[in-house]
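Numbering (the numbering used here), first residue to last: 1 to 441.
Spelled out as structure tokens, the structure:
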């Protein structure tokens, strides 16, 4: 409606059946502003899959558009690609695709760059206006997913002596409606500090942005100076440096004194925000977690609902059977190349390898189909780790389908994950793909 009424798009759009399709997009995509294509990027920033509207872009067009390498230079990426990383971006992705498809189906000439900007502007205006929040807050049972174990997790952390801080970009009345539904009427008692309308990521980057107290009854902002954050009260705006001043950041008890605690003692406590003793939990990778890890070295945990769904799918017989076939084919490819030796391949040898590789591709496509969307796994861009997965590995220490997963662990639990940074020669299991010259002489 905003596109039609505010941006003068064709009235026919209102009757074109354009509705949000949750099975079309995944997080971690990007839109090419020049073409209007929705792209899934690998960890090397290569465009693995792209859709123009609802139609898949051919490999030939991808190669032509991206200079034969299906990738853009860093400077080109900055200009052309708009990341679509959070849950709100899935709606942006779907509407951009539908608008492009609408024009293409009717053979109407249009500028993709203008269409992308208009869609992003219309959704941004809806988000800022509060229309979206009001619709959701007025019907929490329809829009909020129950979290039966959230209160249990928060209580366990609180009972263990942890200080719990709530920071949200949403306005108080919206937060209150959601938390009342998910936790209960007395949800404010669970937190040592509650901050709304925080304006992340500016909350991390600005240094002189004072807090404002919010009246819990009216939701209106008060104008007295805030020098201390009191439990059970609600505050807005602010920044991280102000938080450390208003909350006695370094006074919390810790189980083990770290080098950062020792540093705080010598510097007077307030001069450094860096500490691994802070666990930051968020669901928006780039709005929440990147700055927390990169700037302050906090321990970060990403709420990633997709991992729960994809893990369940990976346990199903149809998916595991496909994976077994892929593993067998890859083993065969390695084995026959060892048989071929290190000399030149004949045309017949190359043909055999090409056909086996094609079979691997077909089985991987079958796995993608099981995921129920055209882009496949949020963690895989075709067959390589996606840019989203690469960022998750780089900036997050933990990831989980929901905060409720923490109920299975003690607040003092220590994780010892496999090292995902190993190079091929460091991996002890499996078939080696590299050789030591000393072993072959």
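For every residue, glycine included, the Cβ atom is placed at its ideal position computed from N, Cα and C.
Item checked: Beta-carbon proximity check, residue 234 vs residue 214, cutoff 8 Å -> yes
Next item on the list: Quick one: measure Cβ to Cβ for residue 23 and residue 373, integer angstroms, because I've assumed they're closer than 8 Å.
Entry: 5 Å
Next item on the list: Measuring alpha carbon to alpha carbon, tell me which of 304, 358 and 319 ends up nearest residue 330.
Entry: 358
Item checked: Backbone secondary structure at residue 304 - three-state DSSP -> coil
Next item on the list: State the start and end residues of the unbroken alpha helix (DSSP H) segment that holds residue 340.
Entry: 317 to 340
Item checked: For residue 379, the nearest candidate out of 32, 43, 129 and 13 (CA to CA) -> 43
Item checked: Contacts around residue 153, its chain only, beta-carbon distance under 8 Å, and the 5 residues preceding and following it disregarded -> 403, 404, 406 and 407
Note to self: Could you tell me the alpha carbon to alpha carbon distance between residue 186 and residue 242, rounded to whole angstroms?
What the structure shows: 26 Å
Note to self: Taking DSSP's pairing of strands, which residues face residue 39 in a bridge?
What the structure shows: 30 and 50
Next item on the list: Only counting runs of 3 or more residues, tell me where the beta strand (DSSP E) segments fall wholly within the region 68 to 128, in order along the chain.
Entry: 81 to 84
Check: When DSSP labels each residue in this structure, what does residue 178 get in the three-state scheme?
Finding: When DSSP states are grouped into helix, strand and coil, residue 178 belongs to the helix group.
Margin query: Determine whether the beta carbon atoms of residue 212 and residue 226 lie at a separation below 8 Å.
Written below: In this structure, residue 226 lies closer than 8 Å to residue 212 by Cβ.
Check: Based on the DSSP output, what are the partners of residue 281 in its beta bridges?
Finding: 301
Next item on the list: Would you mind working out which of 362, 391 and 350 sits nearest residue 287, comparing C-alpha positions?
Entry: 391
Notebook entry, point to check: Which residues share a DSSP beta bridge with residue 398?
Noted result: 301
Notebook entry, point to check: Looking at the unbroken alpha helix (DSSP H) that takes in residue 213, where does it start and where does it end?
Noted result: Unbroken run through residue 213 is the beta strand (DSSP E), 211 to 214; no alpha helix (DSSP H).
Margin query: Taking only three categories from DSSP, how would you classify residue 379?
Written below: coil
Notebook entry, point to check: Taking the alpha carbon of residue 6 as the point to measure from, which residue in 156, 398 and 124 has its own alpha carbon closest?
Noted result: 124
Checklist line | Status (buried if at least 16 other CB within 10 Å, exposed otherwise) for residue 28 | finding: Answer is buried; the Cβ neighbour count reaches 16.
Next item on the list: Determine the burial state of residue 414: buried for a count of at least 16 other Cβ atoms within 10 Å of its Cβ, exposed for fewer.
Entry: By the neighbour-count rule (16 or more Cβ atoms within 10 Å), residue 414 is not buried but exposed.
Notebook entry, point to check: Given a threshold of 16 other Cβ atoms within 10 Å of its Cβ, counted over all protein chains shown, does residue 14 qualify as buried or as exposed?
Noted result: exposed
Next item on the list: Answer yes if the region 33 to 48 comes into contact with the region 98 to 118, meaning at least three C-beta pairs across the two stretches below 8 Å, and no otherwise.
Entry: yes
Checklist line | Residue span of the beta strand (DSSP E) that contains residue 237, given as start and end | finding: 234 to 237 is the span of the beta strand (DSSP E), which, as asked, contains residue 237.
Checklist line | Between the CA atoms of residue 289 and residue 76 - distance to the nearest angstrom | finding: 25 Å
Margin query: Quick check on residue 14: does DSSP put it in helix, strand or coil?
Written below: Residue state, collapsed to three classes: helix.
Next item on the list: Answer with buried or exposed for residue 112, where buried requires no fewer than 16 other C-beta atoms within 10 angstroms of its C-beta.
Entry: buried
Check: Do residue 194 and residue 166 have their CB atoms nearer than 8 Å?
Finding: yes
Check: Does the Cβ of residue 375 have 16 or more other Cβ atoms within 10 Å, making it buried, or fewer, making it exposed?
Finding: buried
Next item on the list: Would you tell me roughly how many angstroms separate the C-alpha atoms of residue 78 and residue 63, rounded to the nearest one?
Entry: 19 Å
Next item on the list: Less than 8 Å between the CB atoms is what I'm expecting for residue 83 and residue 30, so what's the real figure, rounded?
Entry: 5 Å
Check: If you draw a straight line from the C-alpha of residue 279 to the C-alpha of residue 327, how long is it?
Finding: 38 Å
Margin query: Using 8 Å for Cβ pairs, my map puts residue 397 next to residue 300. What's the rounded Cβ distance?
Written below: 5 Å
Margin query: Looking at the strands, I want to know which residues DSSP matches up with residue 222.
Written below: Looking at the DSSP assignment, residue 222 forms no beta bridge with any residue, so it has no partner.
Item checked: Close Cβ partners of residue 2 (< 7 Å) along its chain, the five nearest in sequence each way excluded -> 122, 125 and 126
Check: The beta strand (DSSP E) with residue 166 in it runs from where to where?
Finding: 165 to 167
Notebook entry, point to check: What is the C-beta distance between residue 137 and residue 169, in whole angstroms, given that I count them as a contact (C-beta under 8 Å)?
Noted result: Between residue 169 and residue 137 the Cβ distance is about 15 Å, and since that is not below 8 Å, they are no contact.
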